[in-house]
Each structure stands twice: as structure tokens, then as C-alpha cells.
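Below: one structure, written as C-alpha cells.
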Amino acid sequence: MVISIVRKHTDELRRYLPDACDDICFCDDHKTGNRPLFLARLCSLLELCEKKLEEIFSESVLKSQQPASISTNERGDMNSHSVFDKLTSAPKVKTSQTYLHWVINHLRRIVPETTFCDDNSKKQAIEILETLHDVYRAIELYQDFSTVESFKYLKQQMATREGFLSEFSRHVWKEYYGQLETLQSSDNVLISELVQQLLSCSSLDFRAIIFVRTRMGASILTSILNSHPDLMSRNYKAEFISDI
């Protein structure tokens, strides 16, 4: 986790240069407590769904389409921009952009273009991939915010599809729901450090621009900051501005 602080080179910041930072604060995430346990359960849920997806493909896809391959770049290297043209094993690092790319490519391209023995199998494969996508987004919220925000998002996403879930997905979600719920915590070292940085600025005309990778994340951060007691006592206000 990293916080990049810009106070002097504001002109360069407007051009989004990577070297505009005056300081960089490295924030070590908690290696103890419930946070790593929460992440471990999310990763376990991903792996369980991956196995189910492989099972669906092995049992329900026409044999002529089963061989798996993966496209590489000109040097033969796999990277975050690799193009997957058949069902492949999921990347081992569940928190990487490569994993998200794998999920989206299978959800939007591989499964729709694959011929299954029956429609139910294709529907369940899509359902599994949608769950993988939601869990990955929950991991992003875990990284940026807290297990509370991560679980809240995942719970909302699963609730919207609850009436259409297969027996497998209902059973798995019921099992992991209770585990994840007990591991919730609002702690996050990145947010704590950000609050301290804001509190260290006492100028009356103080302004800060905080870049967040998604609109949803920006909205969540605005809510967190505006409800933080230390910032409220200073009358600090956060506003969500999109498309800067």
C-alpha cells in the first residue's frame, strides 16, 4: 500500500506525471488479526468456484473444444495483457490485474463462444464467472478500504442474483457468508495514514486531491472521510468529483 503526497509540484500533477510526488509513504498491511484471514477466505472462495468451472467444462463442453491454449506475446512471455483463447487455469495470484483479465475474458468471450452440451451448463458457467468477478472486486475493496466495505459489496452483489443462483452457488455462498461476516473489521492502515496526512495540514485554505482507481471507490472514500470523527472535529469535508 502506498500514499503519494504532492505539495510542491502541483503544476506537474495536472499533467498526471508519475514523478510529481514529493513524498511516498509505504503502508504495510496488517499481517495479523482478521484482515489476512478475511482475504484468505475470499481466495478460497475463488479457488472453489474455479474448480467448479473446470468441472463444468470437462463434463459439458464438446470434446473437440476441450484442448486448452494460451496466446503469448512475440517473445513468448505471459503478462497481464495475455489473451486467453480457450479455458485455462486461473492465475495463481488472485489479487492481480491478470486475474481480473482472465475472469473478464472468459465471461465475455470464451464461455459465450463455447458450445456446451446443454444451456444449463453454459448458464452455470456464466454464473460462476460472475461470482469470480464480484469476489475479485471485493478483494479490491479489501485492499483499498476495509473488510467491512468488502463484505458489504459482495453481500449486495450476491443478493441481487440470489433468486437465480444454482444449488451449488447457494450452498457455497451460505457457507462462506458466515465465515466472512465474523471476520469483518473497519481497520485499514492506508485509511489511517491518509487521515493522519490530512490532519497534519492545518492551513485554512488547505485543499487535497485524492485519486482513487474506481468511481465506486471514490464514493466509498468520500463517505468514510466525511464520517471520520477526527476529520469531522476539524470540519473537513470531502467531495466526490468524477472524470477529473
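Counting in this note's numbering, the sequence shown runs from 1069 upward without gaps.
All residues carry an ideal CB built from backbone N, CA and C; glycine is no exception.
Query: What residues match up with Phe1184 in a beta bridge as DSSP calls it?; Result: Val1129
Query: When the Cα atoms are used, what is the spatial distance from Leu1116 to Leu1200?; Result: 10 Å
Query: Do Ile1124 and Phe1213 come within 9 Å of each other at the CB atom, strictly closer than that value?; Result: no
Query: Alpha carbon to alpha carbon, how far is Trp1241 from Arg1275?; Result: 43 Å
Query: May I ask you to report which of helix, strand or coil DSSP gives Tyr1304?; Result: coil
Query: If contacts are defined as beta-carbon pairs under 8 Å, then Ser1260 and Arg1103 qualify, I think. What distance do you get, rounded to the angstrom?; Result: Actually they are not in contact, since the Cβ atoms of Ser1260 and Arg1103 sit about 13 Å apart, beyond 8 Å.
Query: Is Lys1119 buried or exposed, if buried means 16 or more other CB atoms sit within 10 Å of its CB?; Result: exposed
Query: What do you get for Thr1215, buried or exposed, if any count of 16 or more other CB atoms within 10 angstroms of its CB means buried?; Result: buried
Query: State buried or exposed for Thr1228, treating a residue as buried only when at least 16 other CB atoms are found within 10 Å of its CB.; Result: exposed
Query: Pick out the complete beta strand (DSSP E) segments inside the region 1226 to 1272, 3 residues or longer, and give them in chain order.; Result: none
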